[in-house]
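Structure first, then comments.
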């Protein structure tokens with residue numbers, strides 16, 4: 001069955017680019033503009049197998065989004081990749097400590113991102 005990935009980023013360009021790369025690899029992709037939008041969609045969509053999320057977003061940032069879904073049984077085990085321009089060690093530590101499985105700094109190499117996604121979906 002096709003794996004379903006949610007891409008959360010306030011940049012339409014980034015959302016479309018990541019979605020394009022993932023769709024070309026055969027994944028089903030849903031997108032959200034920020035953490036709040038993503039949570040609303042998680043509740044209404046088919047189950048999501050993996051989430052790729054930015055950090056800096058309006059309404060609800062990526063760290064708050066990760067922290068929020070990690071407290072819910074239905075989403076506590078979904079693999080999450082943070083994809084952010086924030087590449088400081090502190091940001092990476094924060095993301096990982098909140099429950100991200102992987103932290104990638106933009107611009108991420110599409111091949112590397114796809115390889116990491118396939119590894120996490122294993």
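Numbering (UniProt numbering), first residue to last: 1 to 122. Glycine residues also receive a C-beta, built at the ideal position from the N, C-alpha and C atoms. Only a predicted model underlies this, so the values are computations on that prediction, with no experimental measurement involved.
Straight-line Cα distance separating residue 121 from residue 68: 21 Å
Residues of its chain near residue 75, where Cβ-Cβ distance is below 7 Å and the 5 sequence neighbours each way are ignored: 42 and 69
Can residue 82 and residue 100 be called in contact, C-beta distance under 8 Å? yes
At least three beta-carbon pairs within less than 8 Å, the stretch 24 to 38 to the stretch 47 to 61: Two segments are said to touch when three or more pairs of C-beta atoms, one from each, lie closer than 8 Å; by this definition the stretch 24 to 38 touches the stretch 47 to 61.
Where in the UniProt domain "Response regulatory" (4 to 121) do unbroken runs of the alpha helix (DSSP H), each at least 4 residues long, occur, reported from the N-terminal end onward? Listed in chain order, the complete alpha helix (DSSP H) runs (minimum 4 residues) inside the UniProt domain "Response regulatory" (4 to 121) are 12 to 24, 35 to 44, 62 to 70, 89 to 98 and 110 to 121.
When the distance is taken between beta carbons, is residue 95 closer than 8 Å to residue 63? yes
If I measure Cβ to Cβ from residue 39 and keep anything under 8 Å in the same chain, skipping five residues before and after, which residues do I get? 60, 65, 68 and 69
Presumed contact (8 Å Cβ cut-off) between residue 44 and residue 8, rounded CB distance: Residue 44 to residue 8, Cβ: 15 Å. No contact.
For residue 5, tell me which candidate among 18, 14, 109 and 13 has the shortest Cα-Cα distance. The residue with the shortest Cα to Cα distance from residue 5 is 18.
Alpha carbon to alpha carbon, what distance is there between residue 21 and residue 78? 20 Å
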